[in-house]
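Trainee: Take a look at this one; I'll ask things after.
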Amino acid sequence: MSSKKHTASQLRVGDRPWVKRSLIGLTLFLTTILLVVPLIAIFQQAFVKGAGHYFTSLLEADTLHAIGLTLLVAALTVPVNLVFGVMLAWSVTRFEFPGRKLLMTLMDIPFAVSPVVAGLLYLLLYGNNGWIGSWLYEQDIQLMFAWPGIVMVTVFVTCPFVARELIPLMQQQGREDEEAAVILGASGWQLFRRVTLPNIKWALIYGVILTNARAVGEFGAVSVVSGNIRGETNTLPLHVQLQYEDYQAAAAFASASLLALIALLTLLFKAFIEWRQERQETTL
Amino acid sequence: MATQLSAADIRPRHKRVLPGLSLSLGTSLLFISLILLLPMTGLIMQSVDMGWERYWQVISDERVVASYKVTLWAALIASLFNGVFGLLLAWVLVRYDFFGRRVLDALVDLPFALPTAVAGITLATLYAQNGWYGDLLASIGIKIAYTPWGIVLAMAFTSIPFVVRTVQPVLEELSPEEEEAGMTLGASDWSVFRRVIFPALWPALMTGIALSFTRSLGEFGAVIFIAGNMPYVSEITSLMIFVSLQEFDFPAASAIASVVLMASLILLFAINIWQARYLRRLHGRN
Amino acid sequence: MSILIEHISKTFGQFQALSPLSLDIQEGEMIGLLGPSGSGKTTLLRIIAGLEGADTGRIQFGDRDVTNLHVRDRRVGFVFQNYALFRHMTVADNVAFGLDVLPRKERPSPSEIKKRVMHLLDMVQLAHLANRFPSQLSGGQKQRIALARALATQPEVLLLDEPFGALDAKVRKELRRWLRGLHDELGFTSVFVTHDQEEALELSDRVVVMSNGHIEQVDQPGALYASPNSRFVFDFLGNANVFEGKIENGQWRNEQAHIVLPKGAAQQNGQLYVRSHEFTVSETATDQANLPLKVVAINPIGAEVRLELSPVGWHSKDIWEMDLPHKVFDKKPVEKGQTVFVTPKAGYFFAQDAKQAEPLHW
Numbered sequence: 001m002s003s004k005k006h007t008a009s010q011l012r013v014g015d016r017p018w019v020k021r022s023l024i025g026l027t028l029f030l031t032t033i034l035l036v037v038p039l040i041a042i043f044q045q046a047f048v049k050g051a052g053h054y055f056t057s058l059l060e061a062d063t064l065h066a067i068g069l070t071l072l073v074a075a076l077t078v079p080v081n082l083v084f085g086v087m088l089a090w091s092v093t094r095f096e097f098p099g100r101k102l103l104m105t106l107m108d109i110p111f112a113v114s115p116v117v118a119g120l121l122y123l124l125l126y127g128n129n130g131w132i133g134s135w136l137y138e139q140d141i142q143l144m145f146a147w148p149g150i151v152m153v154t155v156f157v158t159c160p161f162v163a164r165e166l167i168p169l170m171q172q173q174g175r176e177d178e179e180a181a182v183i184l185g186a187s188g189w190q191l192f193r194r195v196t197l198p199n200i201k202w203a204l205i206y207g208v209i210l211t212n213a214r215a216v217g218e219f220g221a222v223s224v225v226s227g228n229i230r231g232e233t234n235t236l237p238l239h240v241q242l243q244y245e246d247y248q249a250a251a252a253f254a255s256a257s258l259l260a261l262i263a264l265l266t267l268l269f270k271a272f273i274e275w276r277q278e279r280q281e282t283t284l
Numbered sequence: 285m286a287t288q289l290s291a292a293d294i295r296p297r298h299k300r301v302l303p304g305l306s307l308s309l310g311t312s313l314l315f316i317s318l319i320l321l322l323p324m325t326g327l328i329m330q331s332v333d334m335g336w337e338r339y340w341q342v343i344s345d346e347r348v349v350a351s352y353k354v355t356l357w358a359a360l361i362a363s364l365f366n367g368v369f370g371l372l373l374a375w376v377l378v379r380y381d382f383f384g385r386r387v388l389d390a391l392v393d394l395p396f397a398l399p400t401a402v403a404g405i406t407l408a409t410l411y412a413q414n415g416w417y418g419d420l421l422a423s424i425g426i427k428i429a430y431t432p433w434g435i436v437l438a439m440a441f442t443s444i445p446f447v448v449r450t451v452q453p454v455l456e457e458l459s460p461e462e463e464e465a466g467m468t469l470g471a472s473d474w475s476v477f478r479r480v481i482f483p484a485l486w487p488a489l490m491t492g493i494a495l496s497f498t499r500s501l502g503e504f505g506a507v508i509f510i511a512g513n514m515p516y517v518s519e520i521t522s523l524m525i526f527v528s529l530q531e532f533d534f535p536a537a538s539a540i541a542s543v544v545l546m547a548s549l550i551l552l553f554a555i556n557i558w559q560a561r562y563l564r565r566l567h568g569r570n
Numbered sequence: 571m572s573i574l575i576e577h578i579s580k581t582f583g584q585f586q587a588l589s590p591l592s593l594d595i596q597e598g599e600m601i602g603l604l605g606p607s608g609s610g611k612t613t614l615l616r617i618i619a620g621l622e623g624a625d626t627g628r629i630q631f632g633d634r635d636v637t638n639l640h641v642r643d644r645r646v647g648f649v650f651q652n653y654a655l656f657r658h659m660t661v662a663d664n665v666a667f668g669l670d671v672l673p674r675k676e677r678p679s680p681s682e683i684k685k686r687v688m689h690l691l692d693m694v695q696l697a698h699l700a701n702r703f704p705s706q707l708s709g710g711q712k713q714r715i716a717l718a719r720a721l722a723t724q725p726e727v728l729l730l731d732e733p734f735g736a737l738d739a740k741v742r743k744e745l746r747r748w749l750r751g752l753h754d755e756l757g758f759t760s761v762f763v764t765h766d767q768e769e770a771l772e773l774s775d776r777v778v779v780m781s782n783g784h785i786e787q788v789d790q791p792g793a794l795y796a797s798p799n800s801r802f803v804f805d806f807l808g809n810a811n812v813f814e815g816k817i818e819n820g821q822w823r824n825e826q827a828h829i830v831l832p833k834g835a836a837q838q839n840g841q842l843y844v845r846s847h848e849f850t851v852s853e854t855a856t857d858q859a860n861l862p863l864k865v866v867a868i869n870p871i872g873a874e875v876r877l878e879l880s881p882v883g884w885h886s887k888d889i890w891e892m893d894l895p896h897k898v899f900d901k902k903p904v905e906k907g908q909t910v911f912v913t914p915k916a917g918y919f920f921a922q923d924a925k926q927a928e929p930l931h932w
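Chains as they are written, first to last, in the numbering used here: chain W, 1 to 284; chain R, 285 to 570; chain B, 571 to 932.
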């Protein structure tokens with residue numbers, strides 16, 4: 001119907017040229033100051049002593065170890081939260097049960113809780129004085145101030161991201177497709193793999209990438225449980241802090257530039273998904 | 285074998301159509317209990333162990349109270365700033381088409397994706413006295429780094445996406461007809477914005493500001509580098525916990541953390557309840 | 571207030587939504603814009619309101635040229651298809667909106683506004699819902715509130731976009747009658763858009779039939795029905811059966827079927843349009859026509875019985891429909907699967923390439 005085609009000729013609030021121009025101008029100005037310049041500054045500071053220094057500082061043994069540990073943490077965290085996110089999203093969007101809303105609110109706890117508090121919670125429970133930790137201590141298992149503790153708090157801090165991406169999408173898509181598949185005789189796994197997964201694929205991937213970015217970059221919670229032992233329990237963000245406080249600013253920014261790069265790739269991927277989705281909608 | 289069927293046998297059992305409820309809900313509940321709820325027991329036990337008097341003494345300590353004030357004020361200012369800036373960003377991204385819109389849209393999420401420590405050292409460097417901005421601001425007599433304003437800045441930076449991402453979808457869904465109805469009834473652009481569009485965005489805006497505030501209260505990595513961390517002046521509450529921990533004063537850390545945790549949980553539940561109530565009024569009982 | 575529309579046209583990108591068209595609407599008239607989707611009727615309505623700008627042409631309200639006037643200054647009442655009630659305001663606040671946003675000098679006092687709102691709500695018989703929110707109302711109630719809101723500023727022109735489109739049949743009929751009553755009582759000029767021919771014919775003083783961005787015909791409902799001036803109008807005003815005939819010995823012939831030309835009809839190939847009630851049915855062919863058809867369905871619809879018929883031994887693009895009064899049908903019932911012969915009593919003949927129809931009687 002022609003009435004549904006709202007084109008540029010339609011009058012809308014705020015479309016007067018001077019209003020439009022000044023709002024766009026103001027936004028671009030503020031964004032440049034608040035977001036663009038800091039982003040450029042990271043790389044500028046990283047290379048302030050030249051490319052040679054940049055690469056030598058990255059190839060330092062402690063830095064390499066921090067990179068390795070960070071990758072390990074992410075590699076363990078992401079799959080755990082992927083499974084949890086999918087399970088949670090499936091249960092709250094495909095079924096009605098008492099306490100559904102509460103479950104969704106509980107899921108948001110890591111968003112609301114300060115990472116330092118999160119770290120402390122784990123330290124109190126699994127540290128040598130905690131009621132689980134003291135038992136573990138007797139078994140000679142050390143979780144805190146070691147890499148397993150870092151993984152545990154990172155799982156805590158990043159657990160909502162996959163579910164958060166999936167829930168709105170799955171709610172909007174509704175249950176009809178899956179119900180049709182059940183009527184056609186699909187088994188649970190077939191149903192998920194062939195009907196649900198293709199529909200949520202991109203949101204799922206983005207959720208994973210976002211989880212990865214946050215897992216790689218977690219600072220507050222990790223710094224509580226890590227013990228900051230150089231070359232042992234130092235993740236890359238903690239390493240950035242150490243170098244920065246050691247007055248090795250260029251080296252700190254070199255390490256930071258790696259983290260910023262991961263952030264940029266994450267954003268790029270998100271932009272790609274959105275571009276793809278928009279194109280799909282317009283070709284429909 | 286009984287041939288008589290009781291009423292309960294005949295009544296059709298309500299069977300769910302889709303599979304996987306027990307598996308998915310079971311996993312989720314187990315995960316939430318183990319990862320999210322169980323760790324809280326340690327904190328509760330620690331706080332209970334220390335006794336009310338000691339507990340009160342720690343959380344009402346002058347330095348700690350100063351940190352509450354700084355944290356609350358900074359988070360409030362930062363989230364209000366983001367309310368305005370986020371609304372502006374969302375409006376511009378949804379309503380206008382211009383060169384670079386897509387880049388701008390992607391950039392909004394930078395504070396989410398960028399590790400907070402990286403944001404912290406970058407802001408500290410930029411606003412330090414010899415930094416790009418610090419230099420400029422010093423020439424007009426403004427100092428941001430190593431003052432409470434540095435805390436506001438770091439909090440504002442890390443929570444920019446919240447307001448934009450909650451307001452944006454609502455703005456996109458807004459039907460042009462309501463605006464047009466306002467205009468046919470003789471209202472000016474500004475009245476239509478104030479009386480028709482803004483009230484529709486208000487719940488999302490409030491939610492975004494509240495999320496931004498909650499996040500700011502807990503922000504740590506970005507803040508500590510730029511705050512200067514001067515006792516009574518620019519120490520945030522998260523840092524007080526951290527400091528207590530470094531002194532191995534677990535009870536003190538727990539006491540302060542329990543206050544912070546309580547505040548964030550109350551905020552979280554309040555936001556969720558408020559949102560549900562507002563949605564109900566707008567879309568009918570559902 | 572009269573509305574004068576002169577050479578208005580509009581394109582959306584490549585799409586010509588309106589070819590230049592003109593229309594003259596009298597004061598106090600109720601005009602129905604009727605046409606299929608994409609015919610440009612809604613675009614025309616939105617241009618009259620000022621919600622859309624025209625590419626060419628001009629619009630006059632009375633003797634005031636409003637072509638370049640902003641919507642808000644045109645002072646029209648507009649009722650949206652989906653009501654567009656402000657969801658966050660109560661019913662009373664919705665109705666008061668137009669008065670609340672008046673410039674301070676013209677704005678009535680709050681108590682006066684309150685009085686006017688209650689009066690309007692009384693008029694639409696919904697005063698008891700003043701403090702409800704739109705989400706708590708039924709479709710018909712929303713529609714009446716939307717109307718009350720549009721009338722609050724006492725506009726002299728009321729524009730309605732598919733006003734009853736989203737309502738069920740019974741409520742629609744009731745509201746239609748009520749709107750007509752209100753129109754006659756308050757004396758404003760109304761223009762409404764609809765794709766429902768029954769609605770247009772019942773409600774309007776004059777109907778504007780539109781297709782593909784231009785006006786096909788403007789006429790009073792009776793005249794429109796009696797003398798449609800184009801194939802499109804004929805097709806759109808419904809229930810006409812088409813016989814495609816070639817001249818052969820004073821007959822129109824289509825394979826095995828034929829119809830004898832009435833006296834004085836020009837001997838040309840073309841299409842004969844016959845309305846569904848202008849037939850007689852018999853068991854054998856008559857002197858006048860040999861049109862064998864097989865009964866495929868028999869549906870009692872209100873006061874009539876509708877037969878669906880498919881041609882036997884000749885061709886027609888669409889299935890034929892015939893409406894018989896129950897009395898006639900009961901006297902000589904037919905059965906599904908039976909072949910019957912029909913004879914037209916009156917019809918309209920479109921000669922090949924002719925725009926105008928020639929009315930025929932036997």
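Where is the CB? At the ideal position from N, CA and C, for every residue including glycine.
May I ask you to list the residues that DSSP assigns as paired with V646 of chain B?
Mentor: B:V727
Trainee: Determine the extent of the beta strand (DSSP E) in which G815 of chain B is found, giving its start and end residues.
Mentor: 810-818
Trainee: How big is the Cα-Cα spacing for D754 of chain B and L615 of chain B?
Mentor: Their backbone Cα atoms lie some 21 Å apart in a straight line.
Trainee: What residue does the beta strand (DSSP E) around T909 of chain B start on, and which one ends it?
Mentor: DSSP places T909 of chain B in the uninterrupted beta strand (DSSP E) bounded by 909-914.
Trainee: Throw me the rounded Cβ distance for the T266 of chain W and V78 of chain W pair, which I believe falls under 8 Å.
Mentor: With a contact defined as Cβ atoms closer than 8 Å, T266 of chain W and V78 of chain W miss out at about 13 Å.
Trainee: Leaving aside the five residues before and after S522 of chain R along the sequence, list all residues of the same chain whose C-beta is less than 6 Å from its C-beta, in chain order.
Mentor: F504
Trainee: For D534 of chain B, is the classification buried or exposed, using 16 other Cβ atoms within 10 angstroms of its Cβ as the cut-off for buried?
Mentor: No statement about residue 534 of chain B is possible, as the shown extent of chain B runs from 571 to 932 and does not include it.
Trainee: CA-CA distance, S607 of chain B and T406 of chain R?
Mentor: 58 Å
Trainee: Tell me which residues share the same chain as L238 of chain W and place their Cβ nearer than 8 Å to its Cβ, disregarding the 5 neighbours each side in the sequence.
Mentor: A66, F219, V222, S223, S226, N228
Trainee: Does the beta carbon of V195 of chain W come closer than 8 Å to any beta carbon on chain R?
Mentor: no
Trainee: Along chain R, which residues have their Cβ under 8 Å away from the Cβ of K270 of chain W?
Mentor: K270 of chain W reaches chain R at A390, D393, counting residues in chain order whose Cβ is nearer than 8 Å.
Trainee: Let me know the secondary structure DSSP gives F899 of chain B once reduced to three states.
Mentor: helix
Trainee: Say whether chain R places a C-beta atom closer than 8 Å to the C-beta of V646 of chain B.
Mentor: yes
Trainee: Show which residues of chain W have a CB atom less than 9 Å away from the CB atom of F534 of chain R.
Mentor: L120, L123, L124, G127, N129
Trainee: Should E176 of chain W be labelled buried (16 or more other beta-carbon atoms within 10 Å of its own) or exposed?
Mentor: exposed
Trainee: Helix, strand or coil for W375 of chain R? Go by DSSP, reduced to three states.
Mentor: helix
Trainee: To which residues does DSSP link M467 of chain R through a beta bridge?
Mentor: In the DSSP output, where bridge partners are listed per residue, M467 of chain R has none listed.
Trainee: Can you list the alpha helix (DSSP H) stretches of 4 or more residues lying completely in the stretch 487-567 of chain R, in chain order?
Mentor: 505-511, 521-530, 534-567
Trainee: Give me the subset of the stretch 411-429 of chain R whose CB atoms are less than 9 Å from a CB atom of chain W, sorted by chain position.
Mentor: G415, W416, Y417
Trainee: For R634 of chain B, list the residues DSSP reports as bridge partners.
Mentor: B:F631
Trainee: Give, in chain order, every unbroken run of the alpha helix (DSSP H) that is at least 4 residues long and sits entirely within the stretch 227-265 of chain W.
Mentor: DSSP runs (the alpha helix (DSSP H)) wholly in the stretch 227-265 of chain W: 236-245.
Trainee: Would the stretch 178-198 of chain W count as touching the stretch 118-125 of chain W if we require 3 or more Cβ pairs under 8 Å?
Mentor: Touching, no, given that fewer than three Cβ pairs across the two stretches are closer than 8 Å.
Trainee: Please state whether the Cβ-Cβ distance between I510 of chain R and G404 of chain R is less than 8 Å.
Mentor: yes
Trainee: Near F253 of chain W, which residues of its chain fall below 7 Å by C-beta distance, leaving aside the five closest residues on each side in sequence?
Mentor: I42, Q45, A46
Trainee: What alpha helix (DSSP H) runs, 4 residues minimum, are completely inside the stretch 36-120 of chain W?
Mentor: 37-46, 50-58, 61-94, 100-107, 109-112
Trainee: Examine chain R for any beta-carbon lying closer than 8 Å to the beta-carbon of L737 of chain B, and answer yes or no.
Mentor: no
Trainee: Just the chain R side, please: which residues come within less than 7 Å of G668 of chain B by C-beta, in chain order?
Mentor: Residues of chain R with a Cβ closer than 7 Å to the Cβ of G668 of chain B are, in chain order, L469, G470.
Trainee: Answer with yes or no whether the minimum CB distance from A215 of chain W to chain R is below 8 Å.
Mentor: no
Trainee: To which residues of the same chain is M892 of chain B closer than 6 Å at the C-beta, ignoring the five residues directly before and after it?
Mentor: S846, F849, L877
Trainee: Distance check for G326 of chain R and L320 of chain R, CA to CA, integer angstroms please.
Mentor: Between the C-alpha atoms of L320 of chain R and G326 of chain R there is a straight-line separation of about 12 Å.
Trainee: In its own chain, which residues sit with a C-beta less than 8 Å from the C-beta of N701 of chain B, not counting the 5 before and 5 after it?
Mentor: Excluding positions up to five away in sequence, the list reads T660, V661, A662.
Trainee: Would you say T612 of chain B touches the ligand ZN, meaning its beta carbon is less than 7 Å from a heavy atom?
Mentor: Ligands displayed in this structure: none; no statement on the ligand ZN is therefore possible.
Trainee: What did DSSP end up calling D473 of chain R once you bin it into helix, strand or coil?
Mentor: helix
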